[in-house]
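S.K.: Sharing a structure, written as structure tokens. Questions coming.
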Amino acid sequence: MRFSVYQVSRKGGREKNEDRMGYCYTRDSGLFALADGMGGHPEGEVASQVALQTMAALFQRDAKPMLKDPVRFLHDAIIAGHHQLLRYATEKALIDTPRTTVVACVMQNGAAYWAHCGDSRLYLVRGDKLIARTRDHSYSELQETLNGVVPLGEKFNRNVLFTCLGSPGKPVVDTVGPMLMQSGDRVMLCSDGLWSSVPDTVIAEQLATRPISDSVPELVEQALRRAGSKSDNVTVLAVEWESSEDYDSTKAISTQTLGEEVFASTIQASVLGQEPDDLDEAEIERSIREINEAIKRSSQKKP
Numbered sequence: 001m002r003f004s005v006y007q008v009s010r011k012g013g014r015e016k017n018e019d020r021m022g023y024c025y026t027r028d029s030g031l032f033a034l035a036d037g038m039g040g041h042p043e044g045e046v047a048s049q050v051a052l053q054t055m056a057a058l059f060q061r062d063a064k065p066m067l068k069d070p071v072r073f074l075h076d077a078i079i080a081g082h083h084q085l086l087r088y089a090t091e092k093a094l095i096d097t098p099r100t101t102v103v104a105c106v107m108q109n110g111a112a113y114w115a116h117c118g119d120s121r122l123y124l125v126r127g128d129k130l131i132a133r134t135r136d137h138s139y140s141e142l143q144e145t146l147n148g149v150v151p152l153g154e155k156f157n158r159n160v161l162f163t164c165l166g167s168p169g170k171p172v173v174d175t176v177g178p179m180l181m182q183s184g185d186r187v188m189l190c191s192d193g194l195w196s197s198v199p200d201t202v203i204a205e206q207l208a209t210r211p212i213s214d215s216v217p218e219l220v221e222q223a224l225r226r227a228g229s230k231s232d233n234v235t236v237l238a239v240e241w242e243s244s245e246d247y248d249s250t251k252a253i254s255t256q257t258l259g260e261e262v263f264a265s266t267i268q269a270s271v272l273g274q275e276p277d278d279l280d281e282a283e284i285e286r287s288i289r290e291i292n293e294a295i296k297r298s299s300q301k302k303p
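All residue numbers for the sequence shown refer to the working numbering, where the first residue is 1 and numbers rise by one.
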């Protein structure tokens with residue numbers, strides 16, 4: 001398995017960045033994920049961090065070195081993150097639960113599988129065409145899908161989400177896959193800070209015509225310029241699968257030399273040095289709490 005990754009996150013006009021992203025992989029499987037902590041609720045940055053850390057911990061436990069059922073894994077891992085947020089709110093005696101959107105993609109066996117909850121998106125570009133794009137869990141996307149069959153009425157704010165992690169009800173999780181990948185396919189995960197300012201046509205064109213190391217920073221800069229001082233956090237993680245004719249192999253990640261038990265991650269997921277097989281929900285929760293406390297202490301030291 002070989003791929004290249006480019007990722008960037010900008011605060012925009014917000015006081016803090018509540019987006020989180022990262023990826024982890026074994027010899028035969030890769031997990032790429034992005035979460036956008038929701039404003040209007042407490043500790044959005046904690047919500048997005050917890051969602052990703054939970055997924056990474058479960059990936060480390062289950063990818064040996066491949067996931068048995070990627071679609072089920074994605075669904076269950078997202079729901080597990082939701083339950084971790086509910087427990088966190090209970091432990092902290094919070095009046096409201098931290099909430100986040102999430103989008104994640106697994107690549108293995110030459111295929112991609114993805115899942116999302118909320119309005120963080122995944123785009124798949126092949127050649128010069130946009131092959132797939134997730135549909136937001138918002139009233140505006142719902143109305144577009146229903147195509148006027150069931151009018152929502154003006155009383156609905158069409159940009160409001162009807163599901164997310166940390167909400168009172170069970171989250172809606174949409175899953176897709178397997179989608180067979182072709183050499184040079186580009187998959188991009190992003191928060192709404194990007195797509196709310198940059199049209200899909202522009203996103204697809206940039207991904208199709210330029211290397212991800214050029215297209216991703218350009219798309220982020222466009223989003224920041226268009227939104228100005230009111231810009232949301234803008235976060236993007238893009239992956240190019242295998243290689244194209246002009247592919248620079250020196251920038252690629254190759255997993256072929258990894259052993260069966262080797263796990264690499266940009267998301268902290270290990271629990272005090274324990275083996276992944278020993279992980280249970282309580283230990284994952286404790287690890288998340290300890291990591292978040294360390295993050296909080298680190299941020300308080302900054303001027």
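Heads up, the beta-carbon is just placed ideally off N, CA and C, and yes, glycines get one too. As the structure is a prediction and not an experimental result, all values here were calculated from the model.
Cutting at 8 Å between CB atoms, please list the residues of its own chain near Q129, excluding the five before and the five after it.
M.R.: Taking the sequence shown and counting its residues from 1, one reaches residue 129 at position 129. Looking at the sequence provided, one finds Lys at residue 129 rather than Gln. A204, A208.
S.K.: Here's the rule: buried if 16 or more other CB atoms are within 10 angstroms of the residue's CB, otherwise exposed. What is L180?
M.R.: Taking the sequence shown and counting its residues from 1, one reaches residue 180 at position 180. Under this definition L180 is an exposed residue.
S.K.: Output the distance between the C-alpha atoms of Y247 and S265, rounded to the nearest integer angstrom.
M.R.: As a working mapping, residue 247 is identified with position 247 in the sequence shown. As a working mapping, residue 265 is identified with position 265 in the sequence shown. Below a pLDDT of 50, predicted positions are generally treated as unreliable, and Y247, at 47, falls in that range; the measurement from the model is reported next regardless. The straight-line gap from Cα to Cα measures roughly 23 Å.
S.K.: So, do the stretch 88-104 and the stretch 63-72 have three or more beta carbon pairs nearer to each other than 8 Å?
M.R.: No, because fewer than three Cβ pairs between the stretch 88-104 and the stretch 63-72 fall closer than 8 Å, the two stretches do not touch.
S.K.: Report back the beta-carbon spacing between V305 and C117 to the nearest angstrom; my notes put them in contact at under 8 Å.
M.R.: This structure leaves residue 305 out entirely; the chain is present only between 1 and 303.
S.K.: Quick one: is A111 buried, meaning 16 or more other Cβ sit within 10 Å of its Cβ, or exposed?
M.R.: The sequence position of residue 111 within the sequence shown is 111, counting from 1. When all chains shown are included, A111 counts as exposed.
S.K.: Grouping DSSP H, G and I as helix and E and B as strand, with all else coil, what is V176?
M.R.: The sequence position of residue 176 within the sequence shown is 176, counting from 1. Note: V176 maps to strand in three-state DSSP.
S.K.: Shortest alpha-carbon distance to D192 belongs to which of R72, A80, V173, Y123?
M.R.: For the purposes of this step, residue 192 is identified with residue 192 of the sequence shown, where counting begins at 1. It is Y123 whose Cα lies nearest to the Cα of D192.
S.K.: Taking C-beta to C-beta, are L189 and L34 nearer than 9 Å?
M.R.: The residue you call residue 189 lines up with position 189 of the sequence shown. The residue you call residue 34 lines up with position 34 of the sequence shown. Yes, they are a contact pair.
S.K.: Between A252 and the rest of its own chain, which residues show a CB-CB distance below 6 Å, the 5 nearest in sequence each way excluded?
M.R.: As a position in the sequence shown, residue 252 is number 252, starting the count at 1. Cβ within range, chain order: R2, S4.
S.K.: Rounded to the nearest angstrom, what separates S299 and G127 at their Cα positions?
M.R.: Taking the first residue of the sequence shown as position 1, residue 299 is located at position 299. Taking the first residue of the sequence shown as position 1, residue 127 is located at position 127. Low local confidence applies: a pLDDT of 43 at S299 is under 50, so the model's placement there is unreliable, with the coordinate-based value given in what follows. Using only the alpha carbons, I get a separation of about 42 Å.
S.K.: What span of residues does the alpha helix (DSSP H) with L71 cover, start to end?
M.R.: Residue 71 sits at position 71 when you count from the first residue of the sequence shown. Residue identity check: residue 71 is Val in the sequence provided, not Leu. Element bounds for V71: 70-91.
S.K.: With distance defined between alpha-carbon atoms, name the residue in D174, D19, S120, F59 nearest to Q49.
M.R.: As a working note, residue 49 is residue 49 in the sequence shown. The shortest Cα separation from Q49 among D174, D19, S120, F59 belongs to D19.
S.K.: Between K16, G22, A63, G12, which has its C-alpha nearest Y6's C-alpha?
M.R.: Taking the first residue of the sequence shown as position 1, residue 6 is located at position 6. With distances taken between Cα atoms, Y6 lies closest to G22.
S.K.: With I212 as the anchor, note down where its alpha helix (DSSP H) starts and where it stops.
M.R.: Your numbering for residue 212 matches position 212 in the sequence shown. It spans 212-227 - the alpha helix (DSSP H) in which I212 sits, taken as one unbroken run.
S.K.: Kindly indicate which three-state DSSP category R126 falls into: helix, strand or coil?
M.R.: Translated into the one-based positions of the sequence shown, residue 126 becomes position 126. If DSSP states are grouped into helix, strand and coil, R126 belongs with the strands.
S.K.: Going by the CB atoms, is the gap between V187 and F59 shorter than 9 Å?
M.R.: Start at 1 with the first residue of the sequence shown, and residue 59 comes out as number 59. Start at 1 with the first residue of the sequence shown, and residue 187 comes out as number 187. Contact: no.
S.K.: Give me the DSSP bridge partner(s) of I267.
M.R.: If you number the sequence shown from 1, residue 267 lands on position 267. None; I267 has no bridge partner.
S.K.: Going by DSSP in three states, A56 sits in which element: helix, strand or coil?
M.R.: Position 56 of the sequence shown holds residue 56. The answer is helix: DSSP assigns A56 an H, G or I state.
S.K.: Taking the alpha helix (DSSP H) that D192 falls in, what are its first and last residues?
M.R.: As a first step, residue 192 is located in the sequence shown; it is residue number 192 there, counting from the start. It spans 192-195 - the alpha helix (DSSP H) in which D192 sits, taken as one unbroken run.
S.K.: Could you pull out every unbroken alpha helix (DSSP H) segment of at least 4 residues lying fully inside the stretch 9-70, listed in chain order?
M.R.: Fully enclosed alpha helix (DSSP H) runs of 4 or longer: 44-62.
S.K.: Mind the definition here: the stretch 160-174 touches the stretch 74-90 only if three or more C-beta pairs lie below 8 Å; say whether that holds.
M.R.: At 8 Å Cβ cutoff, the stretches touch.
S.K.: Is it true that the CB of L161 sits closer than 9 Å to the CB of S196?
M.R.: Mapped onto the sequence shown, residue 196 falls at position 196. Mapped onto the sequence shown, residue 161 falls at position 161. No. Outside cutoff.
S.K.: Looking at C-alpha atoms only, which residue of K170, D185, E45, M55 is the closest neighbour of A131?
M.R.: Locating residue 131 in the sequence shown gives position 131, where the first residue counts as 1. Here residue 131 turns out to be Ile, not Ala, going by the sequence shown. The residue with the shortest Cα to Cα distance from I131 is D185.
S.K.: Leaving out the 5 sequence neighbours to the left and right, which residues in its chain are closer than 6 Å to P171 when beta-carbon positions are compared?
M.R.: Residue 171 sits at position 171 when you count from the first residue of the sequence shown. Only H82, C117, T163, L165 meet the Cβ criterion.
S.K.: Taking L352 as part of the alpha helix (DSSP H), name the residues at either end of that continuous run.
M.R.: Residue 352 cannot be examined here, being either before or after the span of the chain that is shown, 1 to 303.
S.K.: Whole angstroms is fine: what's the gap from S140's alpha carbon to A77's?
M.R.: Counting from 1 along the sequence shown, the entry for residue 140 is found at position 140. Counting from 1 along the sequence shown, the entry for residue 77 is found at position 77. The straight-line gap from Cα to Cα measures roughly 27 Å.
S.K.: Look at V220 and V239 and say whether their C-beta atoms are less than 9 Å apart.
M.R.: On the sequence shown, position 220 is the one that residue 220 refers to. On the sequence shown, position 239 is the one that residue 239 refers to. No, they are not a contact pair.
S.K.: If you drop the 5 nearest sequence neighbours on each side, which residues of the same chain put their C-beta closer than 6 Å to that of W241?
M.R.: The residue given as residue 241 occupies position 241 in the sequence shown. Answer for W241: F3, M181, D185, listed in chain order.
S.K.: Tell me the DSSP bridge mates of Q256?
M.R.: As a working mapping, residue 256 is identified with position 256 in the sequence shown. BP columns for Q256 are empty, so no partner.
S.K.: Pull up the distance between the alpha-carbon of T100 and that of P199, whole angstroms please.
M.R.: Here residue 100 refers to the residue found at position 100 of the sequence shown. Here residue 199 refers to the residue found at position 199 of the sequence shown. Going from the Cα of T100 to the Cα of P199 covers about 23 Å.
S.K.: Beta strand (DSSP E) containing V103: first to last residue?
M.R.: Taking the first residue of the sequence shown as 1, we reach residue 103 at position 103. Unbroken beta strand (DSSP E) run through V103: 100-108.
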